[in-house]
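One gets our numbering by counting positions in the sequence shown from 1 and adding 1 to each.
Data first, discussion second: the structure below is written as structure tokens.
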Amino acid sequence: MRFGSLTLAAALLLATPALAEVPIDPGQTATIRLSPQGELAYPVAPVPPHAPANHGAILSVDIDEPGLYHVALGAPGWIDVYRDGKPLASTGHRHGEPGSSIAKIVDFELAVGHYTLALSGMTGGEVSVSVSR
Numbered sequence: 002m003r004f005g006s007l008t009l010a011a012a013l014l015l016a017t018p019a020l021a022e023v024p025i026d027p028g029q030t031a032t033i034r035l036s037p038q039g040e041l042a043y044p045v046a047p048v049p050p051h052a053p054a055n056h057g058a059i060l061s062v063d064i065d066e067p068g069l070y071h072v073a074l075g076a077p078g079w080i081d082v083y084r085d086g087k088p089l090a091s092t093g094h095r096h097g098e099p100g101s102s103i104a105k106i107v108d109f110e111l112a113v114g115h116y117t118l119a120l121s122g123m124t125g126g127e128v129s130v131s132v133s134r
């Protein structure tokens with residue numbers, strides 16, 4: 002599923018937090034409503050959560066060009082990427098610049114294909130997420 006309008010995409014993402022995988026497009030930032038981790042079907046169970054950091058989301062992204070991609074979160078949390086149910090090793094991670102809206106960035110070498118992004122260990126509410134080159 003592709004969205005023609007980021008506004009429409011943001012409204013849909015906020016309205017449907019229980020989807021198994023919420024699609025996001027590379028190069029765009031989306032605001033995602035987090036769900037309790039116990040309500041999500043992770044490809045691999047995350048570390049048991051401790052309140053209040055017991056929320057997350059499951060997203061999907063389709064990559065059309067291979068290369069180094071950066072997954073950024075607007076709040077502290079865990080980022081895992083899976084392809085065909087298997088976890089991928091990250092190639093790096095860092096924090097966002099002080100005063101920026103980015104809390105964490107994790108880098109992955111991605112080939113062309115479909116990927117699942119599993120977010121966990123976050124407090125409830127919403128988080129901004131982006132996948133970029």
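Heads up, the beta-carbon is just placed ideally off N, CA and C, and yes, glycines get one too.
Predicted, not measured: the structure shown is a model, and the values here were computed from it.
1) Just checking my contact of Thr32 with Ser129 at CB under 8 angstroms: how many whole Å lie between their CB atoms?
2) Within the continuous beta strand (DSSP E) that includes Gly114, where are the two ends?
3) Give the single residue among Phe109, Glu110, Leu111 and His94 whose Cα lies nearest to the Cα of Ile103.
4) Short of 6 angstroms in beta carbon distance, which residues of its chain neighbour Thr112, apart from the five on each side in sequence? Order them along the chain.
5) Tell me which same chain residues have a C-beta within less than 7 angstroms of the C-beta of Asp63, skipping the five on either side of it?
6) State yes or no: is the C-beta of Pro47 within less than 8 angstroms of the C-beta of Ala119?
7) Given a cut-off of 8 angstroms on the beta-carbon distance, is the pair Met123 and Gly57 in contact?
8) What number of angstroms, rounded off, separates the C-alpha of Tyr83 from the C-alpha of Gly97?
9) Are Ser35 and Glu127 close, meaning C-beta to C-beta below 8 angstroms?
10) Is DSSP giving Gly100 helix, strand or coil here?
In short:
1) With 8 angstroms as the limit, Thr32 and Ser129 qualify as a contact, their Cβ atoms being about 5 angstroms apart.
2) From DSSP, the beta strand (DSSP E) with Gly114 extends over Gly114 to Met123.
3) His94
4) The sequence given here places Ala at residue 112; Thr does not occur at that position. Answer for Ala112: Pro67, listed in chain order.
5) His115
6) yes
7) Closer than 8 angstroms, so yes.
8) 23 angstroms
9) With the sequence shown as reference, residue 35 is identified as Leu, and Ser is not the correct amino acid for it. Yes, the Cβ-Cβ distance between Leu35 and Glu127 is below 8 angstroms.
10) coil
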